[in-house]
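Chemist: Position one of the sequence shown corresponds to residue 1 (full-length UniProt numbering), numbered consecutively onward.
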Amino acid sequence: MCVCVGLDENYTPIRTYQVCQVMEPNQNNWLRTNWIEKGDAQRIFIELKFTLRDCNSLPGVVGSCKETFNLYYQETDSEVGRSLRETQYVKIDTIAADESFTQGDLGERKMKLNTELRIIGPLSRRGFYLAFQDVGACIALVSVKVYYKKCWSIIENLATFPDTVTGSEFSSLVEVEGICVNDAEEETDNSPKMHCSAEGEWLVPIGKCICKAGFHQKGDACEPCGRGFYKSSSQDLQCSRCPAHSFTDREGSWRCDCEDGYYRALSDPPSVACTRPPSAPQNLVYNINQTTVSLEWNPPADTGGRNDVTYRVICRRCSWEPEECVPCGPNVGYSPAQSGLVDTYVGITDLLAHANYTLEVEAVNGVSDLSRTQRLFAAVSIATGQAAPSQVSDVIKEKIQQRSVQLSWQEPHHPNGVIKEYEIKYYEKDKVSTVRSRSTTATVNNLKPSTSYVFQIRAFTDAGFGTYGPRVEITTKEENAATVVSSEQNPVIIIAVVAVAGTIILVFMVFGFIIGRRYALAVYTCFLCLFFTVKFPGTKTYIDPETYEDPNRAIHQFAKELDASCIKIERVIGAGEFGEVCSGRLKLPGKRDVAVAIKTLKVGYTEKQRRDFLCEASIMGQFDHPNVVHLEGVVTRGKPVMIVIEYMENGSLDAFLRKHDGQFTVIQLVGMLRGIAAGMRYLSEMGYVHRDLAARNILVNSNLVCKVSDFGLSRVMDDDPEAVYTTTGGKIPVRWTAPEAIQYRKFTSASDVWSYGIVMWEVMSYGERPYWDMSNQDVIKAIEEGYRLPAPWTAPWPAPAHVGLLAEGPGERPKFEQIVGVLDKMIRNPNTLKTPVGTCTRPISPLLDQNAPDFTAFRTVGEWLEAIKMERYRDNFTAAGYSSLESVARMSIDDIMRLGITLVGHQKKIMSSIQTTRAQMLHLHGTGVQV
């Protein structure tokens with residue numbers, strides 16, 4: 001291999017590594033790079049630019065000429081010099097050219113550059129070498145570009161996210177915690193996070209930082225509030241000017257200080273103006289009646305700028321000498337209260353007779369107790385006259401009869417004169433009666449037996465009546481039951497009730513007869529309509545959202561509008577066609593929060609993208625079935641626009657099966673298929689065609705319940721069950737699509753049945769790719785020629801049962817109703833699912849008999865590998881000593897892995913072909929191959 005100079009496609013001189021020893025057999029030329037330190041990278045991209053000469057343009061060249069070369073790598077922790085052997089390198093791929101040049105091109109010294117990109121990873125050592133192996137090609141290596149991807153540091157939502165190297169897998173997302181910028185803090189329970197995608201792009205931010213109190217956001221930084229401004233909470237967006245009668249002479253204030261003479265109550269937020277105590281009440285007047293005083297006043301002229309003004313009364317009893325006053329004490333009563341008065345009046349009772357009092361009324365507000373200034377109040381001085389007697393207490397129940405009660409009591413503690421008589425008030429319910437007594441005893445007669453009465457007593461003097469004493473409740477004794485006649489048993493009452501009821505019924509019957517003839521038919525018809533509406537509801541039919549002139553009308557008819565504040569995005573779990581897919585929680589008022597998946601519409605969307613995005617929600621909102629993903633609602637009136645669906649913990653079915661390869665029983669797999677079929681039966685009965693049924697569009701929850709999802713390609717059928725929908729373009733998932741849908745772009749429920757057959761194959765093969773690594777064109781051609789996927793070897797049914805789903809004619813395929821019935825029978829009879837897998841008693845698929853290559857006709861292992869398009873492993877088989885088909889037919893999966901075949905898809909494809917070869921040999925010879 002030499003270093004040469006040539007021209008690229010633009011006739012620019014370039015240096016290349018060249019080799020062209022095609023005339024000599026058994027070439028094994030190597031070129032290795034220097035040691036490359038990988039740093040933090042786990043996933044490395046290798047871009048190769050090279051030219052390759054067409055072997056046919058080389059005269060006299062025999063079969064030793066190649067048109068490919070091999071790319072290898074080897075990880076090490078340091079440079080190792082030339083000590084690495086060829087067998088220590090790991091093969092990345094065999095590189096072939098898209099374009100090769102001929103002799104004429106060579107004469108012009110113009111080379112056609114080929115560009116190939118390969119990816120290696122995850123890498124675990126400090127660095128690696130790249131090596132290029134030539135086995136007999138005429139090739140020139142122009143450039144090798146080795147790089148990795150990362151997300152560059154950014155500031156988003158006031159959080160700094162550092163440079164982040166992408167993950168090791170194509171679908172991996174690296175979660176990065178953001179660090180708040182200076183003078184910012186994390187929002188409560190919502191720390192800033194972002195995800196770095198494999199392509200080096202930051203995805204939807206979750207959470208955010210907010211400027212602290214005293215600081216406001218300006219661009220990507222937090223700046224302090226200026227003098228005269230404040231910000232009391234991090235939740236506030238902007239700084240505010242200091243409220244009235246307050247100030248701040250420093251930057252970064254979270255509150256403003258009050259001016260002298262003004263105050264802020266502890267319960268006042270910083271946004272409230274500073275205030276002061278109110279002035280004194282105005283126009284205080286009083287009215288005295290012996291030992292009771294009534295006070296009234298007008299509100300103060302200045303409330304201090306507050307609306308929480310109340311009043312309190314201070315009572316002092318004074319001697320005849322001035323300034324000798326003491327508090328009135330607890331015996332004085334205030335109505336309605338002594339303090340906290342809202343109204344401008346109060347009654348003061350139980351004052352002492354012939355005494356002097358000073359009564360003060362003070363207006364107070366929320367800052368009165370903070371003020372250090374002199375109290376402002378209105379005051380009056382009064383002198384009481386003769387007082388009425390105090391309350392009568394200590395009432396004793398002397399004797400209780402059926403119709404009378406005898407009471408006694410003590411004289412009031414403060415009679416305030418000569419008591420002339422007592423008044424006894426008693427009442428049953430709302431009926432009040434009174435009797436009077438000149439002594440401290442009394443008998444109340446004419447009461448009802450077994451009846452509860454309330455008694456109160458008050459005293460009377462020349463000064464008037466005192467107040468009633470405490471309530472005393474007494475129940476009279478029961479009367480002899482034999483003397484009581486219940487009104488409920490009174491025959492007269494019973495007869496009267498029956499007569500009235502009969503009259504009412506008769507009136508209604510006559511009235512109904514008079515008007516009934518006129519409206520009988522209408523009432524009967526309405527009843528039948530209601531009956532059949534309730535008893536026999538019609539089948540719900542799917543309505544295509546595209547039939548609406550206004551797409552917004554469709555979305556609001558079929559989907560519930562959610563308040564964005566009810567949704568909390570927690571993390572990004574993937575990327576969709578229109579934006580990121582996140583997981584989070586939905587908390588609706590009065591309900592418990594639930595886990596949800598959230599599809600977001602990326603920023604900068606067009607109106608068409610918004611319409612297409614929400615169209616799926618208009619479709620999902622019409623479905624209600626346990627095996628169809630449930631739509632929680634949409635957010636169309638905020639940003640980002642969101643579709644909220646139930647959260648399926650285990651994600652897509654294909655990835656879930658690949659992750660848990662071989663970990664489920666057959667009956668569990670059949671149960672998954674039964675759920676998918678039930679969901680499709682429901683959709684089919686609604687007149688709905690999915691068009692994109694595949695394991696990747698089935699979601700699995702924590703209970704292994706499978707639910708149909710992803711309705712982006714789905715369309716409605718007409719009422720005619722044989723009607724079809726013709727697409728106007730767009731991509732078609734070829735490997736899952738029925739032949740009539742591929743050829744004519746016409747879809748029916750029968751084409752969904754075909755797709756379901758492919759899904760069955762995916763499930764039973766634990767997420768294997770249908771048709772392996774065949775191209776889409778090869779798949780289409782193979783199906784047209786009659787080829788069908790063989791039933792997986794783990795499937796509990798014979799091949800014809802599976803092939804029936806993939807019948808050529810749509811009318812020959814079963815309905816989803818029939819598929820559900822068959823699967824139900826299999827689940828109810830688990831013994832049918834216990835057929836040993838891979839035994840020689842297993843019937844050979846008729847599909848293999850008719851369409852698969854006759855592997856027994858091949859003479860060499862090389863021809864067999866070429867037939868299954870795995871000729872790249874010919875040297876592996878030869879080096880391991882597999883020289884005959886008989887030896888190949890005895891191979892196991894472990895033998896295949898020992899050959900160095902690491903790609904899972906290739907392993908399974910080769911193993912499937914080995915099993916077919918083994919079955920064909922058994923079929924032809926009966927014995928001869930030990931299975």
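Don't be surprised by glycine CBs; every beta carbon is placed ideally from N, CA and C.
(1) CA-CA distance, Val-61 and Thr-737?
(2) Ends of the alpha helix (DSSP H) at His-556?
(3) Go ahead and pull the three-state DSSP assignment for Thr-358.
(4) Count the CB pairs spanning the stretch 755-768 and the stretch 668-683 that are closer than 8 Å, and state whether there are at least three.
(5) Quick one: using the 10 Å Cβ neighbour count with 16 as the cut-off for buried, is Trp-409 buried or exposed?
(6) For Phe-247, I'd like the list of residues in its chain whose CB is within less than 8 Å of its CB, leaving aside the five on either flank, ordered along the chain.
(7) Apart from the five residues just before and just after Ser-751, which ones in its own chain have a Cβ nearer than 8 Å to its Cβ?
(8) Between the alpha carbons of Val-888 and Val-861, how many angstroms are there, rounded?
(9) Determine the burial state of Asp-875: buried for a count of at least 16 other Cβ atoms within 10 Å of its Cβ, exposed for fewer.
(10) Distance, Cα to Cα, Phe-536 vs His-195?
(11) Just grab the DSSP bridge partners of Gln-456 for me.
(12) Is it right to say Gln-557 is buried, meaning 16 or more other beta carbons lie within 10 angstroms of its own, or is it exposed?
(13) Less than 8 Å between the CB atoms is what I'm expecting for Gly-340 and Thr-310, so what's the real figure, rounded?
(14) Determine which residues share a DSSP beta bridge with Gly-584 and list them.
(15) Can you tell me which of the three DSSP states Arg-517 falls into?
(16) Name the DSSP beta bridge partners of Trp-30, please?
(17) Excluding sequence positions up to five away, which residues of its chain have a Cβ less than 6 Å from the Cβ of Glu-580?
(18) Is Ser-279 helix, strand or coil when you go by DSSP?
(19) May I ask which residues mark the beginning and end of the beta strand (DSSP E) holding Met-194?
(20) Which residue's Cα is closest to the Cα of Leu-266: Val-635, Ile-119, Arg-696 and Asp-369?
(21) Could you tell me whether the Cβ atoms of Thr-349 and Gly-305 are closer together than 9 Å?
(22) In angstroms, rounded to a whole number, what distance separates the CA positions of Ala-564 and Gly-638?
(23) Against chain D, with Cβ distances strictly below 9 Å, would Leu-113 count as a contact?
(24) Please work out which residues of its chain come closer than 7 Å, Cβ to Cβ, to Gly-252, disregarding the five sequence neighbours upstream and downstream, and give them in chain order.
(25) Quick one: measure Cβ to Cβ for Ser-709 and Leu-699, integer angstroms, because I've assumed they're closer than 8 Å.
(26) Where Ile-567 and Gly-584 are concerned, what is the direct C-alpha to C-alpha distance, given to the nearest angstrom?
(27) Short of 7 Å in beta carbon distance, which residues of its chain neighbour Cys-706, apart from the five on each side in sequence? Order them along the chain.
(28) From what residue to what residue does the alpha helix (DSSP H) around Gly-633 run?
(29) For Gln-663, which beta-bridge partners are listed by DSSP?
(30) Beta strand (DSSP E) containing Tyr-72: first to last residue?
(31) In its own chain, which residues sit with a C-beta less than 7 Å from the C-beta of Ser-143, not counting the 5 before and 5 after it?
(32) Following the continuous alpha helix (DSSP H) through Phe-816, name the residue where it begins and the one where it ends.
(33) Measuring CA to CA, which of Ser-191, Tyr-72, Gly-219 and Gly-366 is closest to Ala-273?
(34) What does Thr-475 pair with, by DSSP beta-bridge criteria?
(35) Please state whether the Cβ-Cβ distance between Pro-300 and Ala-363 is less than 9 Å.
(36) Roughly how far, in whole angstroms, is the beta-carbon of Phe-161 from the beta-carbon of Val-176, given that I think they are within contact range, below 8 Å?
Modeler: Based on what the coordinates show:
(1) 45 Å
(2) 551-558
(3) strand
(4) yes
(5) buried
(6) Gly-228, Cys-256, Asp-257 and Glu-259
(7) Val-689, Arg-691, Thr-737, Ala-738, Glu-740, Ala-741 and Pro-810
(8) 8 Å
(9) exposed
(10) Bear in mind that the predicted position of Phe-536 carries a pLDDT of just 37, short of 50, making it unreliable; the figure below should be weighed with that in mind. For Phe-536 and His-195, the distance between alpha carbons rounds to 52 Å.
(11) Lys-425
(12) exposed
(13) 5 Å
(14) Ile-569 and Val-596
(15) Any reading at Arg-517 needs caution, since the residue's pLDDT is 38, under 50, leaving its predicted position unreliable; the model's value is listed next. Of the three classes helix, strand and coil, the one that applies to Arg-517 here is helix, per DSSP.
(16) Gln-133
(17) Leu-203, Val-204, Val-572 and Thr-600
(18) coil
(19) 193-196
(20) Asp-369
(21) no
(22) 7 Å
(23) The chain inventory of the structure shown lacks chain D, comprising one protein chain alone.
(24) Gly-214, Phe-215, Pro-224 and Cys-225
(25) 5 Å
(26) 7 Å
(27) Asn-627, Leu-653, Met-672, Gly-675, Ile-676, Ile-698 and Val-700
(28) Premise fails: Gly-633 lies in the beta strand (DSSP E), 631-635, not in any alpha helix (DSSP H).
(29) According to DSSP, Gln-663 bridges with nothing at all.
(30) 68-76
(31) Lys-49
(32) 816-828
(33) Gly-366
(34) Ser-452
(35) yes
(36) 5 Å
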